[in-house]
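For my numbering, count along the sequence shown from 1 and bump the result up by 26.
Even glycine gets a Cβ: it sits at the ideal position worked out from N, Cα and C.
Model, not experiment: these values are computed from the prediction.
Report on one structure; see the data block that follows.
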Amino acid sequence: MSLRIISGRSGTGKTTFMQHEIVHTLQQNPLGDPLFYIVPDQMSFSSEYDLAAGAGLDGLIRAQVTTFKRLAWRVLQETGGIAKEEISGFGYRMLIRSLLEDNKESFTLFNRAATKRGFTDQIEVLMKEFSRYCLDHATMANALNQLEAVQAPKTLLDKSADLMLMLDLMEQKLGTSYIDGEGYLTLLALKIKDSHLLEKTELYIDGFTSFTTRELEIIQALMKQVKRITIALPMETLADAQDEQSLFYQPANTCLRLIEMAQAEQVEIEEFVHQVEQKRFVSKELFHIEANFDQLPPAEIKTEGKLRITEAANKRAEIHVVARQIREMMQQKEIRYKEMAILHRDAESYEGLIETIFPQYEIPVFISQKKSMLHHPLIELSRTVLEIIRTGWKYEPMFRAIKTDLFFPLNASKSKWRERADRLENFVLSFGIYGDRWLDNRRWVYKKYRGLEFYSKVQTDEELSIQADLHAARDIVVQPLKILADTLAQSKTGLDLATAIFTFMESLQVYEKLQVLKKAEEESGQLLLASEHEQAWNEWVNVLDQFVLMFGEKEMTVEDAAKILDEGYDQLAFSRIPPTIDQITVANVDIARLTNIKAVFVIGVNDGVFPKRMDHEGLLSDTEREWFTQVGFELAPTSKMRLLDENYLIYKAFVTASDYLAVSYPIADSEGKALLPSMYIKKLQQMVTDVPLELAVMDPTDHADTAFELQSISHARTTLPYVVMQIRKALETGELPEVWQSVYHYYLEDPYWSNILKRVIKPLIHGNKTERLPQEITSALYGETMTSSVSRIERYYSCPFAHYAAYGLKLEERTEYRLEAPAIGDLFHAALKWIADETARLGLTWAELSREQCAGLAKQAVNQIVPVFVHQLLLSTNRYRYIQRKLEQIVASTLYALSKHSKVSTFVPIAIEAGFGPGEDLPALEIPLKQGRKMQLRGRIDRVDASNVNGNLFVRIVDYKSSRKGIDLNEVYYGLSLQMLTYLDVAIENADIWLQESAEPAGVLYVHMHNPFIKTQKEMNDAELQEEIYKSYKMNGLLLDNPEVVMEMDEQIEGFSKIIPVRMNKDGNLSKSASKVVEPEQMKLLQSFVRKRHEQAGNGMNAGDTRVYPYRIKDKMPCTYCAYRSVCQFDPQDASQPVRNLKVEQPDIVTEKIRKEMSTDEHS
């Protein structure tokens, strides 16, 4: 029994010495006594490969590469103890969650945090740490007594008491029947003395700089049992253990503890084998960096090109330049992919970029970091089905489950079923399907809501067809879920719940569907992805097995089971096995254990990363850990000690390679925030001088060095984005640099790349310019006789493309089950129409209505409408019922204001909701177009009022709006506000039909339907308040400049009218400056002009105008709320995008422009 230490700095051949000795022993006697070579998990594969390759033998029967845990299995197989049921990592996590939930009231400090999801993770980390550092319930009780004796803070005492309770609960649950991953090491320490195998064994331990208390306990037991134990430690002298700042403080300190243990056990300590000569480094720079890393000040050496330092604009540019450097090395030097490694400390930022960018350069890469299973369809389905049942069949979990594709029939067309699922989602969102509505057939009648005006109980053939598809998609989801919900409702124990979930998955044929996915991935050459489906199924079954093992007989609810299972699923990760040997390894600096590496790329070397900023101390703070140390109980190192270790970790990263080191850092993150380089960049530059700082940018022409521009031209696929950048610039400057002209011609001459390039640059050349539609297409889209509406014409003038998207392509936004402004307006119109019909039936005029009658009529009207309004939206929740009452109040208060208007006006309604166009009471307004075509305008006028003034009939249009609105002649001139004047034109045009006499225009008015909110600086009595409310209903619009007509609208007018937008002067004339009026000739001119605008729009539509050409008036643009902005890609900030900049002018100037334009047309 002896202990031998192999020491030396990195690269001196400690691992090589041990492996050569093992190989030599094997060659001398292949079947002799066992040789165990213990390494960290990360080194096991490479060490086994190196030994097998170096031995030159047919096999390694005598020598075994192992880890502490695998050694435990080997010893326990011999001595007994392996028969215990193993609790896996996810089982351990589920156990912790269950114990926290069940005992939360027993904790002092943890009672509130116990149910929080992230807390389980913190407890798990601490429980495993306690196991590694030999701290069980009894030890913790002793530690607590000691802490009390030294008067430790109360918070620490409470925390320690809670942790002691947790340890007790864990030990009771695990008992003698179960064992967790850390428990194998505890058993190993106890069973080593009983192993006859180990008595004949020679042991080698490599790849460690320190050991946990449990590992030291095992090594101490091994010292007394094995023939010899050889341990390699990276260090220079034992004196390093006295200096915390020393690079080798930790391994030297570990060495001292091993010597003390050997002396205590009276184990022979052999003479140190200290390796001095550097055997790794081919590069002088790397040799120098290793030798001077811990020297102050370091010696200098001039670069020979084996060290590269790159400053990148961002992380994406950094990964691109690393990829190009790798391809350059592969082309120019004798090096293989497997001899390269990329080291980082930010998996979240870098691994996704590497997985995306490296395949573009055809670089094989293996990322050693395990990938979470949470987003695999099986795990997602498992989590969401329980969430569906727990949360009452809510939308979000329902469609997360559906989008896993695992509900769809086996071997069915995925595209077809995905389309059905999309339609199902649209229906659910639009019709407000949730909870019991999923199971209520009355809710599953498909009728598209087109507004109250078009409501019909009869379904079209298209709607019936869509309904059949919806029912098929619903049934395939709801039926198995309903069975699962019913089964879970009857389940009492963990076993019942697990059985129900597994049976549900079997009914969906999930395993068979995963096999189909696996086969498809294999056929496409995606071997890693193919392996994931099998792994996911096996690990999911293991989670259920562990769940049943620990909670099979325990009574629990679905919610409790879901919480516990979620903790298990959180722990699931795919094991990644390299599909090929020759590929680059990507690893985290903290856990990387790499051998035989010639070139290393250390990326992301920024301040706060190298060295790492110690932000989180864990459940036990550094101060609290120091209290434990003070009373003689060792725990994991504090953040201060971990910070001291940072220097060694970075040293290891920089000296891993033998030939070449490339270090890079970005100067900005993904959001453009500045990042600083690490202090180690400067340290490297001090050790190796004259190393050029290379710059990496996304656009090669932004680089001052033309060499970088040429380096970016490395591969057809990766150069393509750069070519596109240069073409974009050339379109702006009119010049394409010569080098990029050559690259551009290369692509054009290659048939494959030529097609790709043309597709990619087409948007650059054409932008979002659209093509004019040919005549045959416009005829097919709009017909020879176009049926249009005023809102459609206004949409065209707003932006021709928006019109084309809505009425040509018929694109629609996904409708959701919520109250939108247009629907509110629809309800207001329908309510006032119902009230008009009802008052007519009762023989009442609006002037006769009292406030109470108005309220009653409003309530009746809204109650009549609600059952057919937006799929009964206002009946769906208490919140919407409250909104319904508020809408009733608005209708009532507006009706009462209109009633008071009627008392002072001789204008009376002659038509409510008067429709014109095909199939309506009034004929369409027909507009002749070019080439013999015509356009028929249809619409519905809210209200037409008429009055006889001095023997002449005058007509006005009244429109109800849920927001304040007026007539802006600028908007009329530009075609953006044509509705009211068009309706007035229709009313005058058809006066002979419905009034049996001709009529004159009196004007157009808007009524703002609202609940008044009165702002005042003084107290008001009720009469004053009512007067202010009355004024808030003053109508806005444009009226005829005729005092007699105006006085028929407001018989009480004195000065400013309270109900219409005019002011009467004392001489009986209307104030031009304070009234919104036009002369009779101007009114007729406006009517003619509006017709002209309709004609121009109709001709533009028929001519195939689809331009992306929005207007801008001051800061107002239609794009702000446009549903089609994602389609047209219009950018208001881009000055090159065409915009109709519309000038705002005074009404009299606009009227004059209209007069001139109309007279010019008449003359022509």
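**Study point:** Alpha-carbon spacing of I803 relative to T811, whole angstroms
**Key:** 14 Å
Point to revise | Top-ranked residue by Cα proximity to P1136, from A1025, P826, Q552 | key: P826
Exercise for review: State buried or exposed for T715, treating a residue as buried only when at least 16 other CB atoms are found within 10 Å of its CB.
Suggested key: exposed
**Study point:** Anticipated Cβ contact below 8 Å, A1013 with V981, distance rounded
**Key:** 5 Å
Point to revise | Range of the contiguous beta strand (DSSP E) that encloses A258 | key: 254 to 260
Point to revise | D1067 versus G1094: straight-line alpha-carbon distance, rounded | key: 12 Å
Practice item. Have a look at K638 and L369 and give me their C-alpha separation to the nearest angstrom. Key: 14 Å
Review point. To which residues of the same chain is V503 closer than 7 Å at the C-beta, ignoring the five residues directly before and after it?
Key: I428, F433
Check your understanding: How many angstroms separate the CA atom of Y922 from the CA atom of N1062?
Key -> 18 Å
Review point. Which class does T811 belong to by DSSP, given the choice of helix, strand or coil?
Key: strand
Check your understanding: So what does N974 bridge to, in DSSP terms?
Key -> L979
**Study point:** H163 - containing beta strand (DSSP E), residue span
**Key:** From DSSP, H163 is part of no beta strand (DSSP E) but of the alpha helix (DSSP H) over 163 to 175.
Exercise for review: Rank A950, Y986, E155 by C-alpha distance to the C-alpha of A938 and give the top, closest one.
Suggested key: Looking at the sequence itself, residue 938 is Ile, so the reference to Ala does not match. Comparing Cα-Cα distances from I938 to each of A950, Y986, E155, the minimum goes to Y986.
Point to revise | CB of Q321 within 7 Å of CB of F313, strictly | key: no
Point to revise | Enclosing alpha helix (DSSP H) for T105 [first to last residue] | key: 94 to 105
Review point. Taking Cβ positions, are V308 and D571 nearer each other than 7 Å?
Key: no
Check your understanding: Assuming S114 and N673 make a contact with CB atoms under 8 Å, what is their CB distance in whole Å?
Key -> No, S114 and N673 are not in contact; Cβ-Cβ is about 36 Å, not under 8 Å.
Check your understanding: Measuring CA to CA, which of T486, L496, R446 is closest to W470?
Key -> L496
**Study point:** Where the beta strand (DSSP E) containing E952 begins and where it ends
**Key:** 951 to 954
Check your understanding: Can you tell which of E1074, A258, M27, T611 has its C-alpha closest to the C-alpha of G233?
Key -> A258
**Study point:** Under the three-state DSSP convention, the category N564 falls into
**Key:** helix
Exercise for review: Give the straight-line distance between the Cα atoms of I327 and A688, rounded to the nearest whole angstrom.
Suggested key: 17 Å
Review point. Going along the chain, which residues of its own chain have a beta-carbon closer than 7 Å to the beta-carbon of Q910, five neighbours each way excluded?
Key: V888, V892, L900
Practice item. Note the first and the last residue of the continuous beta strand (DSSP E) segment covering T370. Key: One point to set straight first is that residue 370 is His, not Thr, in the sequence displayed. Here the beta strand (DSSP E) through H370 covers 366 to 370.
Practice item. Kindly indicate which residue of I861, D1076, Y376 has the alpha-carbon position closest to the one of D968. Key: I861
Exercise for review: Tell whether a beta-carbon distance below 7 Å holds between T235 and Q198.
Suggested key: no
**Study point:** Secondary structure of N1016, DSSP reduced to three states
**Key:** coil
Practice item. Would you decide whether E650 is buried or exposed? Buried here means 16 or more other CB atoms lie within 10 Å of its CB. Key: buried
Review point. Given E1074, which residues of its chain have a CB within under 7 Å of its CB, disregarding the five upstream and five downstream residues?
Key: S931, T932, F933, S973, V975
Review point. Tell me, which residues are paired with R1166 by DSSP?
Key: Y1137
Review point. Do A499 and R426 have their C-beta atoms within less than 7 Å of each other?
Key: no
Review point. Do A349 and F384 come within 7 Å of each other at the CB atom, strictly closer than that value?
Key: yes
Check your understanding: Among the residues of its own chain, which have a CB less than 8 Å from the CB of D1160, if the five just before and after it don't count?
Key -> none
Practice item. Assign L875 to buried or exposed, taking buried as 16 or more other Cβ atoms, counted over all protein chains shown, within 10 Å of its Cβ. Key: buried
Check your understanding: Would the beta-carbon of E820 fall within 7 Å of that of L1004?
Key -> yes
**Study point:** Range of the contiguous alpha helix (DSSP H) that encloses R334
**Key:** Segment 333 to 338 is the beta strand (DSSP E) holding R334; no alpha helix (DSSP H) there.
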